[in-house]
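Enquirer:
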Amino acid sequence: MARLHQDFSIVILTGAGTSAESGLDTFRGSSGGGGIWAQHNLEEVATPEAFAKDPDLVHAFYNARRAALFNVEPNAAHQALAKLEQAFAGNVTLVTQNVDDLHERGGSKSTIHMHGELRRARCTACDARFEWLDDLLVSSVCPSCQSVGGMRPDVVWFGEMPYQMGRIYELLEVCDLFAAIGTSGNVYPAAQFVHHAASHGAETYELNLEPTGSSRDFHRRAYGKASEIVPDWVESLLRGQRVS
Ligand code: BV8
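The numbering of the sequence shown is this note's numbering, which starts it at 28 and goes up by one.
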């Protein structure tokens, strides 16, 4: 049923493919292989057990990725999503699995980082959180409780509960359109969002470089580079007076 813009609600989920053209590695590479998990064993760098076992290795993994943020820029996909957020008459919510800051630097104002953020740290002793732009070390001191050895990246590791799940499910249950951009649909619970949205009546749309294992779960699909297909998609939404 066609709806007027102002009554229309969109939830967008982005993944590593949205940042690929900015120069940040994806996790599972494109169909040619490669990717972060080809260079690092997920169990050795992205779980609480890994951090307990070898905090120096985990800090080095995240310090390298945090430092890389200073050498990359948002791409046209980030900028188009920010434009949609500002110019669309209805409600647009951006949920990202990414821990980079490219949506914010591309102009997005209220991004939900369900897997946390590279540029934030958390103290495991007092749970205080901070913006953190430098290397995190075992010797880092908590600015709040002054304890040493308990500072960790404020990212959600495997086996940990992603952030703001209650709010995300509420938004999925009332949205008219759910779009997944640049994600392989391999990581849960994000990979289930398309089913949750569709079961509550939303239309679902996958925008990705290539088909994924979840492509058949979407009503519609568009393939190509995010920096090309996302601006086209945003223009089609903003051009239309009614969104079907
Ligand atoms: C949890 C932060 C429970 C750290 C990340 C079923 C249900 C629930 C859980 C599970 C389940 N089955 C398994 C699990 C456990 C696990 C999981 O999903 N494992 C996987 C490996 C099977 N999930 C969890 O542990 C989650 N927690 O379930 O908690 C719980 C319950 C109660 C109490 C406590 C706990 C937590 C998962 C979060 C892990 N943290 N990131 C970090 O970044 O280091 S996940 C990591 O993967 C990143 O966030 C990343 O964004 C995310 C998903 O990857 P993608 O973004 O999709 O990236 P990928 O490389 O895979 O794909 C890129 C895509 O882009 C490709 O399709 C490619 O074609 C495309 N592309 C490439 N270039 C372009 C492009 N597209 C467009 N343009 C281009 N230029």
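Every residue, glycine too, gets a C-beta built ideally from N, C-alpha and C.
Out of 83, 190 and 162, state which residue places its alpha-carbon closest to the alpha-carbon of residue 125.
Expert: For the purposes of this step, residue 125 is taken as the residue at position 98 of the sequence shown. Among 83, 190 and 162, the Cα nearest to that of residue 125 belongs to 190.
Enquirer: May I ask you to list the residues that DSSP assigns as paired with residue 213?
Expert: Taking the sequence shown and counting its residues from 1, the one referred to as residue 213 is at position 186. None, per the DSSP bridge assignment.
Enquirer: On the DSSP letters alone, give me the boundaries of the alpha helix (DSSP H) that residue 83 sits inside.
Expert: Here residue 83 corresponds to residue number 56 of the sequence shown, with the count starting at 1. Counting along the chain, the alpha helix (DSSP H) containing residue 83 begins and ends at 82 to 95.
Enquirer: Going by C-alpha distance, which of 33, 225 and 44 is nearest residue 213?
Expert: Translated into the one-based positions of the sequence shown, residue 213 becomes position 186. When each option's Cα is compared against that of residue 213, the closest is 44.
Enquirer: Quick test of your reading: residue 148 and residue 181, contact by CB under 8 Å. State the CB separation rounded to the nearest angstrom.
Expert: As a position in the sequence shown, residue 148 is number 121, starting the count at 1. As a position in the sequence shown, residue 181 is number 154, starting the count at 1. Indeed they touch by this definition, with Cβ atoms about 6 Å apart.
Enquirer: Is the beta carbon of residue 260 within less than 7 Å of some heavy atom of the ligand BV8?
Expert: Within the sequence shown, residue 260 is the residue found at index 233, counting from 1. Residue 260: no, Cβ never under 7 Å from the ligand BV8.
Enquirer: Tell me, to the nearest whole angstrom, how far the beta carbon of residue 137 is from that of residue 100; I am working on the premise that it is less than 8 Å.
Expert: Here residue 137 corresponds to residue number 110 of the sequence shown, with the count starting at 1. Here residue 100 corresponds to residue number 73 of the sequence shown, with the count starting at 1. Going by Cβ atoms, the distance from residue 137 to residue 100 rounds to 21 Å, so no, they are not a contact pair.
Enquirer: Just curious, the alpha helix (DSSP H) that residue 258 is in, first and last residue?
Expert: Locating residue 258 in the sequence shown gives position 231, where the first residue counts as 1. Element bounds for residue 258: 253 to 266.
Enquirer: Is any heavy atom in the ligand BV8 found nearer than 7 Å to the beta carbon of residue 236?
Expert: Residue 236 sits at position 209 when you count from the first residue of the sequence shown. True, at least one ligand heavy atom lies under 7 Å from that Cβ.
Enquirer: Could you give the distance in angstroms between the alpha-carbon of residue 252 and the alpha-carbon of residue 118?
Expert: Here residue 252 is taken as the residue at index 225 of the sequence shown, counted from 1. Here residue 118 is taken as the residue at index 91 of the sequence shown, counted from 1. Roughly 25 Å separates the two Cα atoms.
Enquirer: Count Cβ pairs between the segment 129 to 146 and the segment 165 to 174 that sit closer than 8 Å; are there 3 or more?
Expert: The segment 129 to 146 is not in contact with the segment 165 to 174.
Enquirer: With 16 other CB atoms within 10 Å as the buried threshold, where does residue 235 fall?
Expert: Position 208 of the sequence shown, counted from the start, is the residue given in the question as residue 235. Buried.
Enquirer: On the three-state DSSP scale, how would you describe residue 28?
Expert: Locating residue 28 in the sequence shown gives position 1, counting from the first residue. A caution first: residue 28 carries a pLDDT of 48, below 50, which makes its placement in the model too unreliable to give a value.
Enquirer: Quick check on residue 163: buried or exposed, where buried means 16 or more other Cβ atoms within 10 Å of its Cβ?
Expert: As a position in the sequence shown, residue 163 is number 136, starting the count at 1. The residue is buried, with at least 16 neighbouring Cβ atoms inside 10 Å.
Enquirer: Which two residues bound the contiguous alpha helix (DSSP H) that contains residue 193?
Expert: Taking the first residue of the sequence shown as 1, we reach residue 193 at position 166. That run of the alpha helix (DSSP H) goes 192 to 201.
Enquirer: In chain order, what residues of the same chain have a beta carbon less than 6 Å from the beta carbon of residue 174, not counting five sequence neighbours either side?
Expert: Reading the sequence shown from its first residue, position 147 is the one you call residue 174. Cβ neighbours of residue 174 beyond the five flanking positions: 152.
Enquirer: Given residue 261, which residues of its chain have a CB within under 8 Å of its CB, disregarding the five upstream and five downstream residues?
Expert: In the sequence shown, the residue the question calls residue 261 occupies position 234. For residue 261, where only same-chain residues beyond five positions count, the Cβ hits under 8 Å are 107, 108, 110 and 111.
Enquirer: Count the other C-beta atoms from every protein chain shown that fall within 10 angstroms of the C-beta of residue 171, then say buried if there are 16 or more, exposed otherwise.
Expert: Within the sequence shown, residue 171 is the residue found at index 144, counting from 1. Flag for residue 171 reads exposed.
Enquirer: Residues in the same chain with beta-carbon distance under 6 Å from residue 63, minus the five sequence neighbours each way, listed in chain order, please.
Expert: Position 36 of the sequence shown, counted from the start, is the residue given in the question as residue 63. Correct list, in chain order: 52 and 54.
Enquirer: If I'm right that residue 73 touches residue 185 with Cβ under 8 Å, what's the distance once you round it to whole angstroms?
Expert: On the sequence shown, position 46 is the one that residue 73 refers to. On the sequence shown, position 158 is the one that residue 185 refers to. Indeed, because the Cβ distance is near 6 Å, the residues count as touching under 8 Å.
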